[in-house]
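Below: the structure, in structure tokens.
Numbering (my numbering), first residue to last: 711 to 862.
See below:
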């Protein structure tokens with residue numbers, strides 16, 4: 711498993727298009743793919759599951775790529791909001807760009823994720839990057855060594 715994701719059974723209930731198979735832990739992962747192909751698949755999946763704007767989000771979709779400017783191998787996963795996520799060290803030692811998706815379709819700005827360059831999501835102790843949609847390149851101290859992230 712390259713990184714931990716949250717179960718999307720409730721979040722994507724009612725999708726009529728075919729989803730990728732769930733992992734052994736019951737989580738949804740899409741990738742590795744080039745970013746443009748990955749983004750198109752995620753947007754198609756989300757379009758088939760439009761919710762009322764008053765529905766409360768419980769997960770945030772996040773793109774993670776091993777190249778700058780969302781190049782190279784990219785993954786997308788849905789993670790619980792407000793919960794520290796500790797991805798597998800094999801994957802995070804290669805991350806160069808990351809960011810939340812645009813699930814609300816509003817151009818971003820209200821969804822954000824914080825990516826930390828240490829073993830804990832603690833901005834008083836570790837350098838971190840904060841991104842809203844579409845995200846960006848991880849900075850020095852976070853790229854090639856992100857220890858955890860969370861989204862709100």
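Glycine residues also receive a C-beta, built at the ideal position from the N, C-alpha and C atoms.
- By the criterion of a C-beta distance shorter than 7 angstroms, residue 793 is surrounded in its chain by 860, once the five residues flanking it on both sides are discounted.
- With distances taken between CA atoms, residue 796 lies nearest to 830 out of 830, 785 and 834.
- Taken atom to atom, the span from the alpha-carbon of residue 805 to that of residue 753 is near 22 angstroms.
- A residue is called buried when at least 16 other Cβ atoms come within 10 angstroms of its Cβ; residue 803 does not meet this threshold and is exposed.
- Non-local C-beta neighbours of residue 851 in its own chain, meaning closer than 6 angstroms and more than five positions away in sequence, comprise 827 and 837, ordered along the chain.
- Scanning 862, 787 and 800 for the CA closest to the CA of residue 856 turns up 800.
- The criterion of a C-beta distance shorter than 8 angstroms is satisfied by residue 846 and residue 809.
- Per the C-alpha coordinates, the member of 743, 823 and 781 positioned closest to residue 771 is 823.
- Sequence-distant partners of residue 862 (beyond 5 residues in either direction) whose C-beta falls short of 7 angstroms from its own C-beta, in its chain, are 791, 792 and 822.
- In the structure shown, the three-state DSSP call for residue 794 is coil.
- A direct Cα-Cα distance of roughly 7 angstroms separates residue 848 from residue 839.
- Distances from the alpha-carbon of residue 750 to those of 776, 784 and 789 put 784 closest.
- Here the alpha carbons of residue 769 and residue 844 stand approximately 17 angstroms from one another.
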